[in-house]
Amino acid sequence: PFPAFPTDLQAQFMGLMTMAKGKSRITETIFENRFMHVQELARLGAHITLSGQTAIVDGVPKLKGAPVMATDLRASVSLVIAGLAAEGETTVNRV
Numbered sequence: 719p720f721p722a723f724p725t726d727l728q729a730q731f732m733g734l735m736t737m738a739k740g741k742s743r744i745t746e747t748i749f750e751n752r753f754m755h756v757q758e759l760a761r762l763g764a765h766i767t768l769s770g771q772t773a774i775v776d777g778v779p780k781l782k783g784a785p786v787m788a789t790d791l792r793a794s795v796s797l798v799i800a801g802l803a804a805e806g807e808t809t810v811n812r813v
């Protein structure tokens, strides 16, 4: 059982939220360094602000392809999801 949204799905869900209309908030209550993929999503054009253990995702109409680097398996999936939706070529390194 999870206390809320499963932390293991947080990165992948954030990849989807980068293009959702409006603002989304994710609060990570279990792991300190779970937002390491945020900088890489920003390379694709995502608008994400970190405030402590909370990420505020302001959806954008489209992402742009760019080279990005994965830090772990969950981050890799979030970058692949965002990269597939982005216009242009995205290369995910360290997968």
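Numbered as in the numbering used here, the sequence shown ends at 813 without a single skipped number.
Built from N, CA and C at the ideal position, the CB exists for glycine as well.
Those residues which DSSP pairs with residue i across a bridge
i	result
ASN811	MET787
ILE744	ALA773
ILE766	VAL775
Backbone secondary structure at residue i - three-state DSSP
i	result
VAL778	coil
THR736	coil
GLU805	strand
LEU727	helix
GLU750	coil
ALA760	helix
ALA800	helix
ALA722	coil
Test item: CB-CB of residue i and residue j under 7 Å
i	j	result
ALA738	PHE753	no
ALA784	LEU802	no
Presumed contact (8 Å Cβ cut-off) between residue i and residue j, rounded CB distance
i	j	result
THR745	GLY777	Incorrect: roughly 18 Å between the Cβ atoms, too far for contact.
Cutoff 6 Å; reference residue i; Cβ partners in own chain excluding five residues on either side
i	result
THR767	ILE774
VAL813	ALA788, SER794
SER742	MET735, VAL775
Sequence-distant residues of the same chain with beta carbon closer than 7 Å to residue i, five excluded per side
i	result
ILE748	THR725
Residue i beta carbon near the ligand ZN (any heavy atom closer than 6 Å)
i	result
ASN811	The model depicted lacks the ligand ZN and carries no ligand whatsoever.
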